[in-house]
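Chemist: Those letters in the sequence shown? Residues 226 to 504, by our numbering.
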Amino acid sequence: MSFDRFLNDLKEIEAELNLLQAEANDPHSYGSREFDENHLDELLEDLTDYSRSNGNGALTTKLSSLQKVEETYGYNRNSKITEIRARTLRVIRVLETFGSDFLSREGVEQNEIATKASAGSSVPPDSVVVKTKVFVVHGHDNAVLFRVKETLGSLGLRPVVLREQPNGGKTVIEKFEEYSDVGFAVILMTADDMGGALAEVERDKASPRARQNVVMELGFFASKLGRSKICVLKSKGVEAPSDIMGVVYTEIDGAEAWRMSLAQELLHAGYEIDLNRLI
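Pasting the structure below:
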């Protein structure tokens, strides 16, 4: 996802609301179509989370103030459309004002890609932006996921979380392959499952484990990027896979020393970041 993509989605909502308002004002229209305001609420919530993870405090604060508001239009359809449209325009204005730096940066990146492509460069298009994106593999611990995204955002990087990307009619595997075009991956092995050898389970000696999809994606990125371009953050006590040798695990500690360890791994992988931004 990107700020530009959010802006386009908001403008599509504005266009739809303009059409609905025109229908509502047309005396010859039955005006049977309705707009689902939940769509705007969900988009605004996702945009606020994305802004927070990218370290834009001013934009995040403004967006938070535009979250779900008290309805005043009652059963008046025309008033409802008018108020939702006004709210949508406020969100667009806030994004264009307080997110202008991010929108400009994304625009520059896209122009660089287009320039290289038109010049017939042999450099793959995504290589221009690959050092700004980091894929985050996660389980069910949303608190850890949020903190990792926040850390990456503080470093000026763009966390890629699969569930936050549009499906576009793709299967999960196809979607995973499309968005895994990154230069680094962070794997979050949190205590989401319990498991062990059958004999151990029968004796109630199961151990905390990461989700199976996390283990699978760890293997995928270890193969695709190499061990030097992945960082595995593991909760204390979580069983580590025995078949992935040579992978270094960093414990998710209460003092959050893992944040600096992650940043140092990113530096080693060629990402241009400032460690002082974590202090």
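Backbone N, C-alpha and C define an ideal beta-carbon position, used for all residues, glycine too.
With distance defined between alpha-carbon atoms, name the residue in ALA249, SER304, MET419 and PHE323 nearest to LYS430.
Modeler: For the purposes of this step, residue 430 is taken as residue 205 along the sequence shown, with counting starting at 1. Comparing Cα-Cα distances from LYS430 to each of ALA249, SER304, MET419 and PHE323, the minimum goes to MET419.
Chemist: Whole angstroms are fine: how far does the CA of ILE306 sit from the CA of ARG318?
Modeler: Within the sequence shown, residue 318 is the residue found at index 93, counting from 1. Within the sequence shown, residue 306 is the residue found at index 81, counting from 1. Spanning the two alpha carbons is a distance of roughly 18 angstroms.
Chemist: Going by CA-CA distance only, name the one from SER304, GLY282 and ILE309 that's closest to LEU320.
Modeler: Position 95 of the sequence shown, counted from the start, is the residue given in the question as residue 320. It is GLY282 whose Cα lies nearest to the Cα of LEU320.
Chemist: Does the separation of the CB atoms of ILE309 and PHE260 fall below 9 angstroms?
Modeler: Counting from 1 along the sequence shown, the entry for residue 309 is found at position 84. Counting from 1 along the sequence shown, the entry for residue 260 is found at position 35. In contact: ILE309 and PHE260 (Cβ atoms closer than 9 angstroms).
Chemist: For the beta strand (DSSP E) that LYS430 lies in, which residues bound it at each end?
Modeler: Here residue 430 refers to the residue found at position 205 when the sequence shown is read from its first residue. Neither: LYS430 is in no beta strand (DSSP E) and is coded neither H nor E.
Chemist: Reducing DSSP to helix, strand and coil, say where LEU413 ends up.
Modeler: Counted from its first residue, the sequence shown places residue 413 at position 188. In this structure, LEU413 counts as strand in the three-state DSSP scheme.
Chemist: Please report the distance separating the alpha-carbon of ASP234 from that of SER432.
Modeler: Residue numbering aside, residue 234 sits at position 9 when the sequence shown is read from its first letter. Residue numbering aside, residue 432 sits at position 207 when the sequence shown is read from its first letter. Near 44 angstroms, if we compare the C-alpha coordinates of SER432 and ASP234.
Chemist: Taking only the alpha-carbon atoms, compute the straight-line gap between LEU487 and GLU476 and give it to the nearest angstrom.
Modeler: Numbered from 1 along the sequence shown, position 262 holds the residue referred to as residue 487. Numbered from 1 along the sequence shown, position 251 holds the residue referred to as residue 476. For LEU487 and GLU476, the distance between alpha carbons rounds to 11 angstroms.
Chemist: Secondary structure at PHE260, three-state DSSP: helix, strand or coil?
Modeler: Along the sequence shown, one-based indexing puts residue 260 at 35. DSSP places PHE260 in coil when its eight states are reduced to three.
Chemist: Do you know how far the Cα of GLY378 is from the Cα of LEU269?
Modeler: Stepping through the sequence shown from its first residue, residue 269 is reached at position 44. Stepping through the sequence shown from its first residue, residue 378 is reached at position 153. Approximately 18 angstroms, taken between the alpha carbons.
Chemist: Do you know whose CA, among SER276, GLN292, LEU288 and ALA249, lies nearest ASP266's CA?
Modeler: As a first step, residue 266 is located in the sequence shown; it is residue number 41 there, counting from the start. Cα-wise, what sits closest to ASP266 is GLN292.
Chemist: Using the DSSP secondary-structure output, state which residues sit across from ARG388 in a beta bridge.
Modeler: One-based indexing of the sequence shown puts residue 388 at position 163. The partner list for ARG388 (beta bridge, DSSP) is empty, contrary to what the question assumes.
Chemist: Please report the residue range of the alpha helix (DSSP H) in which LEU288 lies.
Modeler: In the sequence shown, the residue the question calls residue 288 occupies position 63. Its alpha helix (DSSP H) spans residues 282-289.
Chemist: List the residues that DSSP assigns as beta-bridge partners of THR475.
Modeler: Your numbering for residue 475 matches position 250 in the sequence shown. DSSP lists LEU458 as partners of THR475.
Chemist: Among GLU375, GLN437 and PHE401, which one has its Cα closest to the Cα of LYS449?
Modeler: Counted from its first residue, the sequence shown places residue 449 at position 224. The residue with the shortest Cα to Cα distance from LYS449 is PHE401.
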